[in-house]
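The structure appears right after this line, and notes come after that.
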Amino acid sequence: MLKYNDKVLMIVFAILVLTGPVILAPFGAGYPDLLQRFAIFGILAVGYNILFGLTGYLSFGHAAFLGVGSYSTVWMFKLLTMNIIPGMILAIIMSGLFALLIGFITLRRSGIYFSILTLAFAQMSYSLAYSVLTPITNGETGLQIRLADARILDPKNESGSLPSTNLFGFEMNDTWRTTFMGMDLQFNVGFYVCAVILIAAFYVSIRIFRSPFGLMLRAVKTNQNRLMYTGINTKPYTLAAFVISGMYAGLAGALLASMDPLAGAERMQWTESGSIVLMVILGGAGTLLGPVLGAGVIKYFEAIFSRINDNVLHGWFDFLPGFLETFMVWIIHPFVGKGWSLTLGAVFMIIVIFLPGGLMEGANRINKRFGKQKRGSADNAKAPAE
Amino acid sequence: MSVFTPNRRGLIKSGALLGTGLAMPTIFTAGSAAAYTNAPTGSGVTLGFNVPQSGPYADEGADELRAYELAVEHLNGGGDGGMMNTFSSKALSGNGILGNKVNYVTGDTQTKSDAARASAKSMIEKDGAVMITGGSSSGVAIAVQGLCQEAGVIFMAGLTHSNDTTGKDKKANGFRHFFNGYMSAAALAPVLEEMYGPDRNAYHLTADYTWGWTQQESIQAATEAKGWETVNNVLTPLATQDFSSYVAPVLNSGADILVLNHYGGNMINSLTSAVQFGLRDKQVNGKNFEIVVPLYSRLMAKGAGENVKGIFGSTNWHWSLTDAGSQAFVKSFGEKYGFPPSQAAHTVYCQTMLYADAAERAGTFNPCGIAEALEGFDFDGLGNGPTHYRADDHQCFKDVLVVKGKDNPTSDFDLLEVVQVTPRAQVEYAPDHPMFAGGALGKCNPGA
Amino acid sequence: MDAIFLQVLNGLDKGSAYALIALGLTLIFGTLGVVNFAHGALFMLGAFCAVIMRKILTLSHVSLDPEKTNFLGKPLEIRTPYVELWWGDVGTWMIDYSVLIAILFAIPVMGVMGIVMERGLIKHFYHRPHADQILMTFGLAIVLQEIIKAFFGANPIPQSAPDSMSGAMDIGVLFGFAEYAVIYPYWRLVYFVFAAVVIGGVFAFLRFTTFGMIVRAGMADRETVGLLGIDIDRRFTIMFGLAAAVTGVAGVMYTPILPPNYHMGMDFLVLCFVVVVVGGMGSLPGAILAGFMLGMLESFSSMNEVKAIIPGIDQIIIYLVAMIVLLVRPRGLMGKAGMMED
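Residue numbers (our numbering), protein chains in the order written: chain A, 1 to 386; chain B, 387 to 834; chain C, 835 to 1176.
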């Protein structure tokens, strides 16, 4: 059972996630694709945090599990049915097995040696998926569903257009739009599927954090040698953490493919693994909520900042007199549009310099300053130990 | 066997309540209000320009974006009208498209299928784009084309050269103006035979992914038909930086031609390595050793610098062409930005014009109407001579340029010279050609 | 036989690039214990020192040619570099040798850059978790490469080697092969020799100078050296500057081999981490050995004969070997116990 604080956290989290389309609409992020991505990468980061946040093992190969999950799911779409359940199940099983294999080998080493081993595995998977394994992965183009695919469980498709992914009839791309206070709100089936799974994944992660198993993993992070001297074999624990986080990644991959039935090899590249690591560190490794926040921030930059062009800027500063408008556009121009990664890099640096411990540290500080008088326990609930 | 497909309608209805939760006033649900996805509601219409802005092709993307901005300006009646004046169809009059002012949104494909699709999706879902266009690689083009087919919007491909884009991955909502690997080969082979003779031994270095394979296959078939032998075909990993270990074995392989089926950074690096190894000063079997780069672009030529001098290749278009359309385009682009446009800029400008014109002629933005207007469309005045948009696979057929690296360039942009304008008839192929087989257009999808 | 000899040369050549970058990286790892993801960016900045040097040398006086026109029908611009206008042939010679001149430019620039980086940023991260170091240096790498992109674009910028050192030589004859059997580019040979000199220099510096001795002592036990009243921090700062300068000149010299672009640092980064780790954390000779070993293996795995047996082996060889080495030798080839293992 959850403690009171965790219950509060869980409920607040669930409400925030489920009302995502409303909360995020004012920030221009309230459209299905980005909302789905927030949720999916949230799951990925929550899972990665179980490994890295608890045990301190820095894996640079988690993108490989994401890719394995996506490929498994798309193959299920091609062979069995467009229902996302079989795909998700296969993805979790495949990525779990893959993680078991890789974890079994790589966990023989620790520290940077472990990181490089996982990186090597992931890069090999990526290179092979891009070239030699093209019959399975469709290489550069990515694995896609086609009209001619078997789909033996589905009724014969005679419409001439590709079927949509669905969950027992709910199509993932069905959206209900409405206008509320001038904002365009979009409630999308796919997002709610992802959101429910995210909440479930978050719940499981809380349970792991609070369990004796979680405690053992923290002990590994604090001092593995001491554990070994006391006669405890840590390998089964770390391996279990590795496999669990691999399955989370596989699940995220399955959801990515379910929202958009395409699996590309780039998903497995080291830069993707790197960005998972960055998401978790940015949000705050070892905190419960941090990784989800970190994932959100990075995806937001990627999706929104890259789309601001000079036209948009001129629109923003329209109210200013001509020369000031030009000046403001000139100032901001290098940081948006094609300069979005510059801003992201700068944000990484600023956050890590001023907020060691990531975004959650920032939330804590704000909380300490303003929230303490009101409710002393909130502190604890938002950022549990670590 | 419909285990997983119970009564869908009913479920959706109950799902609506369950899903929204907050019970907002539902104004409309998907599939009931409009005849097609993102039908323009106000007086404006939004186009989505999805180009690489980060990653190795960022400069190419930037050039595409310039051309798009120029096209939008011309469509809205600004500037000097560019190729609108030389375009054989006179449906466009400079008051937007169908009286709607043209707006645009931009996005970054990062030259990754995932990011490109995410960006295109946001344009469709958030900004209400009726058409997506752009891109600088075939993997991305095919991925985004598939997305547009599902979402029910038109995709006007940018720079994509793989046979697959209008071959096994063709889609009813997707259209390509750019040429492809087969056409490159068909245009290049006769010129190569003429320049280097019929009994040559070619050694291929090929980028190890789909585009590389289709291009290599095309070139090999076309040159072998002219009597060349193919000594070897070596696949090189995409991530290769230094090609020395792939170039070195060419020296003593008995080959006297090296074909580099590479694009972008790969091509720049492999060509630089090949020239460094002195291949071009070499004599084999009493003939000069030669290097061929089947697909050229000006940016690549610029990146490879002096190494491109005298090397043959093909391109879709070049600014030094003297027909009225090309000149009008070069003039308005050059005056706005100060340098001549690249082939990527040209193809995306044409695609935007063709889309606008098709919408104007069809009298609607409905993708099915536009597809109908574009299919089998014959036009002229866009720089490549009389051009035909084939209905069977949505591929444009037009003259292809065979070019060679210029020996004495006069500026940073004057790097290629046109050797021959290969007439359209020579590069045409049947829609069921084996290199393009295996796919189906399907039906046009208006979405909604 | 000649094919194998060629690949040995290729391996040495690739290996020298890997070894040079890994040398700087391992100096920083070994002395400061910082995971520096911005190291690739230093290599890239070095390469752009060469680009900038050439830009400076070819700053041109623009005159109009009344007879020729450009693409818009306006008079063609003729650009004459100022150095040629002022110094005639000496100017032409300077442009020709701009890569070598760029080395003189790059050493102080990169050294200062390294010192500024260490004092301004890295210093504050010595006692922070590795995760924080990664986030910070990764952010820094992105910022640096985006700045370069903003000024120079994303397209590679070709840099030619001096005329006297471009082209290829028939090196095979020297080793008893038939004429024209083994041809190798001059500049790649130059690069190999250059790498050997730099690596030798760094080793000699650490081995035979008092400064080097203190740094080595500091690497072994920082605290004790500090207790002896030696200002180890200042020396580590200088080491960082040195590592940056070494990596920078490696970048400068690399430009004629492959045209530099803004993301070349990221392309080399992962590889060099693999090299350093395979060599063993904290071991300079290990990094050099691993650099050459991986360069050699990469070359051989791309031979057609090898690829015919195992298709796609050239795609994964580096990672495969890294894995085998790390599984057989827990701390890489020559690593020390306890370094970066937690």
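Positions of the beta carbon are idealized from the N, C-alpha and C atoms, including for glycine.
Segment contact: the stretch 60-75 of chain A against the stretch 268-282 of chain A, three or more CB-CB distances shorter than 8 Å; contact assigned. From the beta-carbon of Tyr-130 of chain A, the residues of chain B found nearer than 9 Å are Asp-594, Tyr-595, Pro-623, Leu-624, Ala-625. Interface annotation for the stretch 116-150 of chain A against chain B: Ser-127, Tyr-130, Ser-131, Gly-139, Glu-140, Thr-141, Gly-142, Gln-144, Leu-147, criterion Cβ-Cβ distance under 7 Å. Residues of the stretch 340-352 of chain A with a C-beta atom less than 8 Å from some C-beta of chain B are Trp-340, Ser-341, listed in chain order. A Cβ-Cβ separation of about 5 Å places Ala-195 of chain A in contact with Val-17 of chain A under the 8 Å criterion. With fewer than 16 other Cβ atoms inside 10 Å of its own Cβ, Asn-671 of chain B counts as exposed. Taking the C-beta atoms as reference points, Arg-1165 of chain C is found no nearer than 8 Å to Ile-1091 of chain C. The C-beta of Gln-606 of chain B comes no closer than 8 Å to any C-beta of chain C. Not a single C-beta of chain A is nearer than 8 Å to the C-beta of Glu-610 of chain B. With its beta carbon less than 8 Å from one in chain C, Lys-688 of chain B belongs to the interface. With the rule of 3 Cβ pairs closer than 8 Å, the stretch 17-35 of chain A counts as touching the stretch 292-304 of chain A. Taking the Cβ atoms as the reference, Tyr-1088 of chain C lies roughly 6 Å from Ala-851 of chain C, within the contact range of under 8 Å.
At a cut-off of 8 Å between beta-carbon atoms, Pro-26 of chain A makes no contact with chain B. Residue pairing from DSSP leaves Thr-271 of chain A without any beta-bridge partner. With fewer than 16 other beta carbons inside 10 angstroms of its own, Asp-798 of chain B counts as exposed. Residue-level contact by beta carbon holds for Glu-980 of chain C and chain A, with a gap shorter than 8 Å. Distances from the alpha-carbon of Leu-1161 of chain C to those of A:Ile-40, A:Val-8, A:Leu-117 put A:Leu-117 closest. Per the DSSP secondary-structure output, Tyr-1018 of chain C pairs in a beta bridge with C:Met-1003. For the stretch 544-591 of chain B, the full-length alpha helix (DSSP H) segments reaching 4 residues or more read 567-582 along the chain. When the five nearest sequence neighbours on each side are left out, the beta carbons in the same chain lying within less than 7 Å of the beta carbon of Ser-474 of chain B are those of Phe-765, Asp-766, Gly-767, in order along the chain. Under the Cβ distance rule, Lys-368 of chain A does not count among the residues neighbouring chain B, no pair being separated by less than 8 Å. A distance of 8 Å or more separates the beta carbons of Thr-609 of chain B and Ser-548 of chain B. The Cβ atoms of His-1097 of chain C and Gln-993 of chain C do not sit closer than 8 Å to each other. Pairing Tyr-1014 of chain C with Val-1036 of chain C, the inter-Cα distance amounts to about 36 Å.
Interface annotation for the stretch 641-660 of chain B against chain A: empty, criterion Cβ-Cβ distance under 9 Å.
Going by beta carbons, Ala-501 of chain B and Val-788 of chain B fall outside the 8 Å limit.
Here Gln-729 of chain B is not bridged, per DSSP, to any residue. Contact of Val-1108 of chain C with chain A is assigned, a C-beta pair being separated by under 8 Å. Counting only residues of its own chain and dropping the five nearest sequence neighbours on each side, Glu-676 of chain B has a CB closer than 6 Å to the CB of Tyr-582, Ile-643. Considering only beta carbons, the part of the stretch 247-271 of chain A lying closer than 8 Å to chain C consists of Trp-270, Thr-271, in chain order. Only buried fits His-563 of chain B, as 16 or more other CB atoms lie within 10 angstroms of its CB. Annotation: the stretch 220-272 of chain A contains the following complete segments of the alpha helix (DSSP H) (minimum length 4 residues), in chain order: 235-259. In this structure, DSSP gives Gln-993 of chain C a state outside helix and strand, which the three-state scheme calls coil. Beta-bridge annotation (DSSP): Met-887 of chain C is not paired with any residue.
Interface flag for Gly-1146 of chain C against chain A is set, since a Cβ pair is found closer than 8 Å. Counted as a single uninterrupted DSSP element, the beta strand (DSSP E) harbouring Met-517 of chain B occupies residues 517-520.
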